[in-house]
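Chemist:
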Amino acid sequence: MSEGEGVSGRASATEPVVEQSLALSHVDFVQVAELLGEPVPRYLRASVAVYPRRRREEALAASRQSLVDRAVVLPGDPPRVPLSVVRLTQVVCRPALTVELHRATGGRWAPPIRYAAAGDAAVEVLPEPDGVRLTPFHSDGLLPRLVWRAGVEKLPKPAGGPVNVQLSVLRSTDNVREASAAAGVPEDATAALASGDLTAVSVVARTGHGRTGAELAWAASRGYWLVPALLTPLADDRGAEPDDDATVQLAPLDGAELINALYRSFTFDS
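Take any residue in the sequence shown, note its place counting from 1, add 720, and you have its number in our numbering.
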């Protein structure tokens with residue numbers, strides 16, 4: 721494992737601390753998970769599944785050697801996996817709570833950061849070229865880490881109240897500022913939408929009755945504005961084409977209210 725950076729257990733913390741993390745290629749993770757008999761999440765399995773047969777066999781062979789060289793897998797018959805790696809893999813493959821964090825800058829979405837939690841154990845799955853970096857932490861630190869990664873600050877609440885607007889206005893790409901202003905969207909919200917700086921959080925929890933979840937998306941300017949998740953990659957998994965004639969709401973929040981909304985999104989408090 722190697723050193724990485726993270727945050728302490730306070731929701732408003734920004735100062736990094738030294739943490740231990742493990743970098744694995746997608747092929748590495750698939751092999752470790754299969755060795756342990758764990759179900760590989762689709763987002764980690766997909767890039768390996770498309771390999772041609774010969775390429776896949778070559779990648780698996782190179783990965784097996786790399787895993788042994790790095791002591792991620794211990795040689796033997798059968799090979800063994802250190803307990804720390806076992807626990808990391810189990811949490812990622814069979815989480816009780818899964819969180820996805822999507823962030824866009826200037827309208828360009830970065831690969832999502834994912835979090836998996838089970839009991840008091842949580843793992844950050846940070847995307848890297850051709851793989852991921854896994855960082856374990858106590859699940860009590862999920863909110864402060866999410867706040868830190870999402871870049872939430874103590875911004876004041878924008879003036880005015882919630883505003884209703886047609887979805888087609890918010891989905892305008894060439895003239896979002898003009899369309900928003902013409903629809904009566906407040907100036908601060910218009911600036912936030914025009915910047916293309918959006919953040920979206922998706923939460924899925926496994927419960928005794930199946931699964932439950934929540935979505936939260938916002939744009940930031942001088943303050944925060946909750947926006948419909950249909951403007952984000954969270955809409956991609958819904959299957960249905962969004963109705964541009966639908967009326968949606970933009971709601972202003974300050975930094976503390978946004979943090980509280982994030983907390984409620986994965987505790988499912990009313």
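Glycine included, C-beta positions come from ideal geometry on N, C-alpha and C.
Check for me: the beta strand (DSSP E) holding threonine 688 runs from which residue to which?
Modeler: Absent from the model: residue 688. The displayed extent of the chain is 721 to 990, so no value can be given.
Chemist: Considering glutamate 848, what are the terminal residues of the beta strand (DSSP E) in which it resides?
Modeler: Counting from 1 along the sequence shown, the entry for residue 848 is found at position 128. Per DSSP, glutamate 848 belongs to the beta strand (DSSP E) from 841 to 848.
Chemist: Just the C-alpha distance for valine 885 and tyrosine 944, rounded to the nearest angstrom, thanks.
Modeler: The sequence position of residue 885 within the sequence shown is 165, counting from 1. The sequence position of residue 944 within the sequence shown is 224, counting from 1. Using only the alpha carbons, I get a separation of about 17 Å.
Chemist: At what residues does the beta strand (DSSP E) containing glutamate 898 begin and finish?
Modeler: Locating residue 898 in the sequence shown gives position 178, counting from the first residue. Looking at the DSSP string, glutamate 898 is not in any beta strand (DSSP E); the run it does join, the alpha helix (DSSP H), is 896 to 902.
Chemist: Compute the distance between the beta-carbons of lysine 874 and aspartate 965, then report whether it is under 9 Å.
Modeler: To locate residue 874, count along the sequence shown from 1; it is residue 154. To locate residue 965, count along the sequence shown from 1; it is residue 245. Cβ distance not < 9 Å, so lysine 874 and aspartate 965 don't count as in contact.
Chemist: Quick check on alanine 920: buried or exposed, where buried means 16 or more other Cβ atoms within 10 Å of its Cβ?
Modeler: Stepping through the sequence shown from its first residue, residue 920 is reached at position 200. By the 10 Å Cβ count, alanine 920 comes out buried.
Chemist: Going by CA-CA distance only, name the one from Leu744, Ala836, Ser804, Leu978 that's closest to valine 819.
Modeler: Translated into the one-based positions of the sequence shown, residue 819 becomes position 99. Among Leu744, Ala836, Ser804, Leu978, the Cα nearest to that of valine 819 is on Ala836.
Chemist: Output yes or no for whether 9 Å exceeds the beta carbon distance between leucine 954 and tryptophan 938.
Modeler: For the purposes of this step, residue 954 is taken as the residue at position 234 of the sequence shown. For the purposes of this step, residue 938 is taken as the residue at position 218 of the sequence shown. Cβ atoms of leucine 954 and tryptophan 938: not closer than 9 Å.
Chemist: Any idea what DSSP makes of glycine 933, helix, strand or coil?
Modeler: Indexing the sequence shown from 1 puts residue 933 at position 213. Residue state, collapsed to three classes: strand.
Chemist: With a threshold of 16 other CB atoms inside 10 Å of the CB of glycine 871, please say whether the residue is buried or exposed.
Modeler: As a working mapping, residue 871 is identified with position 151 in the sequence shown. Exposed, since its Cβ has fewer than 16 Cβ neighbours within 10 Å.
Chemist: Going by beta-carbon coordinates alone, are valine 924 and glycine 933 separated by less than 9 Å?
Modeler: Position 204 of the sequence shown, counting from 1, holds the residue named residue 924. Position 213 of the sequence shown, counting from 1, holds the residue named residue 933. Yes. Within cutoff.
Chemist: Going straight from the alpha carbon of leucine 982 to that of leucine 821, what length do you get?
Modeler: Position 262 of the sequence shown, counting from 1, holds the residue named residue 982. Position 101 of the sequence shown, counting from 1, holds the residue named residue 821. Whole-angstrom Cα-Cα distance: 11 Å.
Chemist: Please report the distance separating the alpha-carbon of arginine 853 from that of alanine 901.
Modeler: The sequence position of residue 853 within the sequence shown is 133, counting from 1. The sequence position of residue 901 within the sequence shown is 181, counting from 1. If I take the Cα positions, the gap works out to 42 Å.
Chemist: Between which two residues does the beta strand (DSSP E) containing alanine 824 stretch?
Modeler: Here residue 824 corresponds to residue number 104 of the sequence shown, with the count starting at 1. It spans 817 to 825 - the beta strand (DSSP E) in which alanine 824 sits, taken as one unbroken run.
Chemist: When you compare only the Cα positions, how much space is there between valine 806 and glutamate 754?
Modeler: Position 86 of the sequence shown holds residue 806. Position 34 of the sequence shown holds residue 754. Computed Cα separation, rounded: 11 Å.
Chemist: Let's see if you can read the secondary structure: which residues bound the alpha helix (DSSP H) around arginine 784?
Modeler: On the sequence shown, residue 784 is found 64 positions in, with the first residue counted as 1. Note, arginine 784: alpha helix (DSSP H), 773 to 789.
Chemist: Starting from the C-beta of leucine 794, find all residues in its chain whose C-beta is less than 8 Å away, skip the five residues before and the five after it, and write them out in chain order.
Modeler: In the sequence shown, residue 794 corresponds to position 74, counting from 1. Result list for leucine 794: Val788, Arg800, Val801, Pro802, in chain order.
Chemist: Are the region 833 to 851 and the region 807 to 815 touching by the rule of at least three beta carbon pairs closer than 8 Å?
Modeler: yes
Chemist: Over what stretch of residues does the beta strand (DSSP E) that includes proline 856 continue unbroken?
Modeler: For the purposes of this step, residue 856 is identified with residue 136 of the sequence shown, where counting begins at 1. Counted as a single uninterrupted DSSP element, the beta strand (DSSP E) harbouring proline 856 occupies residues 851 to 858.
Chemist: Where does valine 738 sit, in a helix, a strand or coil, going by DSSP?
Modeler: The count along the sequence shown starts at 1 and reaches residue 738 at position 18. Here valine 738 sits in strand by DSSP.
Chemist: In angstroms with no decimal places, state the Cα-to-Cα distance between leucine 846 and alanine 830.
Modeler: Residue numbering aside, residue 846 sits at position 126 when the sequence shown is read from its first letter. Residue numbering aside, residue 830 sits at position 110 when the sequence shown is read from its first letter. In a straight line, the C-alpha of leucine 846 is about 11 Å away from that of alanine 830.
Chemist: Cα separation between glycine 757 and glutamine 751?
Modeler: In the sequence shown, residue 757 corresponds to position 37, counting from 1. In the sequence shown, residue 751 corresponds to position 31, counting from 1. When rounded, the distance between both Cα atoms is 10 Å.
Chemist: From serine 941 to glycine 881, what distance separates their C-alpha atoms?
Modeler: Looking up residue 941 in the sequence shown gives position 221. Looking up residue 881 in the sequence shown gives position 161. Approximately 16 Å between the Cα atoms of the pair.
Chemist: Going by the beta-carbon positions, is the gap between tyrosine 771 and alanine 781 smaller than 9 Å?
Modeler: For the purposes of this step, residue 771 is taken as residue 51 along the sequence shown, with counting starting at 1. For the purposes of this step, residue 781 is taken as residue 61 along the sequence shown, with counting starting at 1. Not closer than 9 Å, so no.
Chemist: What is the DSSP secondary structure of proline 972, counted as helix, strand or coil?
Modeler: As a position in the sequence shown, residue 972 is number 252, starting the count at 1. Proline 972 falls in the strand class under three-state DSSP.
Chemist: Express the C-alpha separation of glutamate 935 and valine 768 in angstroms, rounding to a whole number.
Modeler: Counting from 1 along the sequence shown, the entry for residue 768 is found at position 48. Counting from 1 along the sequence shown, the entry for residue 935 is found at position 215. Looking at the two C-alpha atoms, the distance is approximately 29 Å.
Chemist: With respect to the alpha helix (DSSP H) encompassing alanine 753, which residues constitute its N-terminal and C-terminal limits?
Modeler: Working through the sequence shown from its first residue, we reach residue 753 at position 33. Run containing alanine 753: 746 to 756, per the alpha helix (DSSP H) assignment.
Chemist: Could you name the residues of the same chain whose beta carbon sits closer than 7 Å to that of leucine 913, not counting the 5 residues immediately before and after it, in chain order?
Modeler: In the sequence shown, the residue the question calls residue 913 occupies position 193. Excluding positions up to five away in sequence, the list reads Leu890, Val896, Ser900, Ala939.
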